[in-house]
Amino acid sequence: MSLHSLTIAELSRGLAAGEFSSRELTEHLLGRIEGKGAELNAFISVTPDQALAAADAADARRAAGQAGPLTGVPMAHKDIFCTRGVRTSCGSRMLDNFISPYDAHVVEQIQAAGMVCLGKTNMDEFAMGSSNETSYYGPVRNPWEPTAVPGGSSGGSAAAVAAGLVPAATATDTGGSIRQPAAHCGVSGLKPTYGRVSRYGMIAFASSLDQAGPIARTCEDMALMLEVMAGFDPRDSTCVERDVPRYTDALSGDLTGLRIGLPREYFGEGLDPAVAGAVDAAIDEYRRLGATFKEVSLANSHLAVPCYYVIAPAECSANLSRFDGVRFGHRCEDPVDLEDLYKRSRGEGFGAEVKRRILVGTYALSAGYYDAYYLKAQQIRRLIRDDFLRAFEEVDLLLGPAAPTPAFDFGEHTDDPVSMYLSDIYTIAVNLAGLPALTIPAGFSGKRPIGLQLIGTHFDEARLLQAGHRYQQVTDWHHRRPEAYA
Numbered sequence: 001m002s003l004h005s006l007t008i009a010e011l012s013r014g015l016a017a018g019e020f021s022s023r024e025l026t027e028h029l030l031g032r033i034e035g036k037g038a039e040l041n042a043f044i045s046v047t048p049d050q051a052l053a054a055a056d057a058a059d060a061r062r063a064a065g066q067a068g069p070l071t072g073v074p075m076a077h078k079d080i081f082c083t084r085g086v087r088t089s090c091g092s093r094m095l096d097n098f099i100s101p102y103d104a105h106v107v108e109q110i111q112a113a114g115m116v117c118l119g120k121t122n123m124d125e126f127a128m129g130s131s132n133e134t135s136y137y138g139p140v141r142n143p144w145e146p147t148a149v150p151g152g153s154s155g156g157s158a159a160a161v162a163a164g165l166v167p168a169a170t171a172t173d174t175g176g177s178i179r180q181p182a183a184h185c186g187v188s189g190l191k192p193t194y195g196r197v198s199r200y201g202m203i204a205f206a207s208s209l210d211q212a213g214p215i216a217r218t219c220e221d222m223a224l225m226l227e228v229m230a231g232f233d234p235r236d237s238t239c240v241e242r243d244v245p246r247y248t249d250a251l252s253g254d255l256t257g258l259r260i261g262l263p264r265e266y267f268g269e270g271l272d273p274a275v276a277g278a279v280d281a282a283i284d285e286y287r288r289l290g291a292t293f294k295e296v297s298l299a300n301s302h303l304a305v306p307c308y309y310v311i312a313p314a315e316c317s318a319n320l321s322r323f324d325g326v327r328f329g330h331r332c333e334d335p336v337d338l339e340d341l342y343k344r345s346r347g348e349g350f351g352a353e354v355k356r357r358i359l360v361g362t363y364a365l366s367a368g369y370y371d372a373y374y375l376k377a378q379q380i381r382r383l384i385r386d387d388f389l390r391a392f393e394e395v396d397l398l399l400g401p402a403a404p405t406p407a408f409d410f411g412e413h414t415d416d417p418v419s420m421y422l423s424d425i426y427t428i429a430v431n432l433a434g435l436p437a438l439t440i441p442a443g444f445s446g447k448r449p450i451g452l453q454l455i456g457t458h459f460d461e462a463r464l465l466q467a468g469h470r471y472q473q474v475t476d477w478h479h480r481r482p483e484a485y486a
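The numbering of the sequence shown is UniProt numbering, which starts it at 1 and goes up by one.
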């Protein structure tokens, strides 16, 4: 089997057995990124010199008997994580010239584990998008079908893993930006509980919603990644001081007696028949594994999209106010005065979708409208959270589709922002409630993958990963590879 076809767990075992070195593995994947990966546009920056140096250090560490499970395993970071000495652009012209002077907490943790970063993956500008079409560096192609979007905003990370350019990548999820692209690209993605992973050094979009997580091929690989990424960080005031479980130890065991809820609101109008069929087949598989099912109601879920698109733009408006052409980032040429500097720097630096959300958010926060929009949205957010908590009094997990349709074509929704926003209808409520959720491959519609979503209660990532892992032990959807990238 080719090196690029192996999972993190398989690579870890191969490195430990001396079947190949980290340098050999890194050189192989760098070659794929330069060759087959070029047409996908999945990377904004590739860092071969740093990667090979890290691979040599990992091999030396292994030779000295100091290696951990992830030592020498290559990966990539979404270009939203500050990485010392490397451009961190957030997919925007505004930060095209920004070289980070420090590492994000997630980057520090992954480096400490001995993983080898090959570069920074493409993304929707400032993580604002559902299709990876808003990046200043151009769209990412879906490796399964080049006319299809990979999903967003973490489309570069999902496409890179699906195409075998890297075995895993970091990503972020504000309203579904890990789970939706994972579904569209036929890989696995985990959005942890809010506060489980530090946001320090992760460029903010909406601070009360953003959460970092892994994209990989299997739940076992995501468990390995989360053990490294999670943990308390005093530099992030929203990071929870709580022990990190051995997620890999929790993967074993059967699912007999597991209670899974089916939200009736997730199976109604607007759900593509192929997606519904794949979810139904997954339900049958879980029944065979010993799980029981119960219909539950998330009565306020229909309010999640309008609620989110008040709160997220409001927070984005506040967070992006720092990009003014004064301190760092894009600055216009020859400003005549301070007002001209602000206007032209922001006008030139931000793309259309980012400007749209800044305008919406600024309006929602303005005097006279704050109570009518932002405060009301926060009240609805509490109702959405309470719906989930009531459901978890009756069941252990929730199951449903990750997206209403398979990946759509480029340009299909670019002239209709509302229809684009609705592509995240099954994922947004999870962020509003701060819950963990994952997406795993569960079928195809033609050549385009379909994702299954599992949602857990707060800090129940171990049970989520176990349920996903058991499903992957009896199905082969996660083993499928795009033909052009086999």
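Quick reminder that beta carbons are idealized off the backbone N, C-alpha and C, glycines included.
The structure presented is a predicted model; accordingly, all values stated were derived computationally and were not measured.
Item to check | Where glutamine 472 falls, given that 16 or more other Cβ within 10 Å makes a residue buried | outcome: Result: buried.
Checklist entry - Do isoleucine 380 and leucine 454 come within 9 Å of each other at the CB atom, strictly closer than that value? => result No, these two residues do not count as a Cβ contact at 9 Å.
Item to check | Per-residue DSSP class, three states only, for serine 5 | outcome: Looking at serine 5 - three-state DSSP - the assignment turns out to be helix.
Next on the checklist: Quick check on the DSSP output: the alpha helix (DSSP H) that includes alanine 318 runs from which residue to which?
Outcome noted: The continuous alpha helix (DSSP H) containing alanine 318 extends over residues 304-319.
Item to check | Same chain only: Cβ atoms within 6 Å of alanine 278, ignoring 5 sequence neighbours per side | outcome: Here the set comprises Ala442, Gly443 and Ile450.
Next on the checklist: Am I right that valine 106 and phenylalanine 81 are in contact with their C-beta atoms under 8 Å? What's the rounded C-beta distance?
Outcome noted: Between the beta-carbon of valine 106 and that of phenylalanine 81 there is about 6 Å, and that keeps the pair under the 8 Å contact cut.
Next on the checklist: With the cut-off set at 9 Å, would you say arginine 62 and alanine 16 are in Cβ contact?
Outcome noted: Yes, these two residues count as a Cβ contact at 9 Å.
Checklist entry - Alpha carbon to alpha carbon, how far is glutamate 133 from alanine 352? => result Rounded to the nearest angstrom, the two C-alpha atoms are 11 Å apart.
Item to check | For alanine 437 and serine 237, the rounded distance between their alpha carbons | outcome: When rounded, the separation of the alpha-carbon atoms in serine 237 and alanine 437 is 22 Å.
Next on the checklist: What would DSSP say about glutamine 211, mapped onto helix, strand or coil?
Outcome noted: It is a strand residue.
Next on the checklist: Looking at the secondary structure, which residues open and close the alpha helix (DSSP H) in which lysine 355 lies?
Outcome noted: Where lysine 355 is concerned, the enclosing alpha helix (DSSP H) stretches over 352-365.
Item to check | For arginine 141, the three-state DSSP class (helix, strand or coil) | outcome: Arginine 141 carries a coil assignment under DSSP once its states are collapsed to helix, strand and coil.
Item to check | Continuous beta strand (DSSP E) stretch holding serine 345: start and end | outcome: Counting along the chain, serine 345 falls outside any beta strand (DSSP E), though it belongs to the alpha helix (DSSP H) covering 338-349.
Next on the checklist: Could you compute how far the alpha carbon of valine 244 sits from the alpha carbon of leucine 255?
Outcome noted: So the alpha carbons of these two residues sit roughly 22 Å apart.
Next on the checklist: Relative to the C-alpha of arginine 288, which candidate in Tyr485, Leu258, Ala377 and Leu29 has its C-alpha closest?
Outcome noted: The shortest CA-to-CA distance from arginine 288 to any of Tyr485, Leu258, Ala377 and Leu29 is the one to Leu258.
Next on the checklist: Give me, in chain order, the residues of the same chain whose beta-carbon lies closer than 7 Å to that of arginine 32; leave out the 5 immediate sequence neighbours on both sides.
Outcome noted: Excluding positions up to five away in sequence, the list reads His4, Gly164 and Leu165.
Item to check | For glutamate 295, three-class secondary structure by DSSP | outcome: Three-state DSSP puts glutamate 295 in a strand.
Item to check | Proximity to proline 214 [Cα-Cα], best of Ala230, Ala206 and Ile203 | outcome: The residue with the shortest Cα to Cα distance from proline 214 is Ala230.
Checklist entry - Nearest-angstrom Cα distance between arginine 13 and alanine 54? => result Between arginine 13 and alanine 54, the C-alpha separation is close to 19 Å.
Checklist entry - With respect to the beta strand (DSSP E) encompassing glycine 456, which residues constitute its N-terminal and C-terminal limits? => result Here the beta strand (DSSP E) through glycine 456 covers 448-456.
Next on the checklist: Is it buried or exposed, glycine 99, if we count other Cβ atoms within 10 angstroms and call 16 or more buried?
Outcome noted: The sequence as given places isoleucine at residue 99; glycine does not occur at that position. Isoleucine 99 is exposed by the Cβ-count criterion.
Next on the checklist: Quick check: what's the CA-CA separation for phenylalanine 43 versus glycine 156?
Outcome noted: In a straight line, the C-alpha of phenylalanine 43 is about 6 Å away from that of glycine 156.
Checklist entry - How long is the line joining the alpha carbons of histidine 330 and leucine 320, rounded to whole angstroms? => result If I take the Cα positions, the gap works out to 13 Å.
Checklist entry - So, do the region 146-162 and the region 190-203 have three or more beta carbon pairs nearer to each other than 8 Å? => result Verdict: no, contact absent.
Next on the checklist: Bridge partners for residue 487 per DSSP, in chain order?
Outcome noted: No answer is possible for residue 487: it lies beyond the span of the chain, which begins at 1 and ends at 486.
Checklist entry - Comparing alpha-carbon positions, which option in Val336, Phe459 and Ala312 lies nearest cysteine 239? => result The shortest C-alpha separation from cysteine 239 is found at Phe459.
Checklist entry - Going by Cα to Cα distance, which pick from Gly176, Gly85, Ala57 and Glu108 is closest to leucine 432? => result The residue among Gly176, Gly85, Ala57 and Glu108 with its C-alpha nearest the C-alpha of leucine 432 is Gly176.
Checklist entry - Short check: CB of glycine 138 to CB of glutamine 180, under 9 Å? => result No. Outside cutoff.
Checklist entry - Can the beta-carbon of aspartate 96 be found less than 9 Å from the beta-carbon of arginine 87? => result Yes. Within cutoff.
Checklist entry - Sorted by chain position, which residues of the same chain lie with C-beta nearer than 6 Å to histidine 413's C-beta, five sequence neighbours on each side aside? => result Sequence-distant Cβ neighbours of histidine 413 in its own chain, meaning closer than 6 Å and more than five residues away, are Ser419 and Met420.
Checklist entry - Which stretch, first to last residue, makes up the alpha helix (DSSP H) that contains lysine 36? => result That residue, lysine 36, is in no alpha helix (DSSP H); it is neither H nor E in DSSP.
Item to check | proline 245, DSSP secondary structure in three states | outcome: Shown here, proline 245 sits in coil according to DSSP, grouped into three states, outside any helix or strand.
Checklist entry - Helix, strand or coil: how does DSSP classify isoleucine 384 here? => result It is helical.
Checklist entry - So, are the CB atoms of threonine 172 and glutamine 211 less than 9 Å apart? => result One thing to note: threonine 172 has its Cβ within 9 Å of the Cβ of glutamine 211.
Next on the checklist: I need the boundaries of the beta strand (DSSP E) containing isoleucine 428, first residue and last residue.
Outcome noted: Run containing isoleucine 428: none in the beta strand (DSSP E); it sits in the alpha helix (DSSP H), 428-433.
Next on the checklist: For histidine 184, report the span of its alpha helix (DSSP H) as first-last.
Outcome noted: Segment 179-185, the alpha helix (DSSP H) holding histidine 184.
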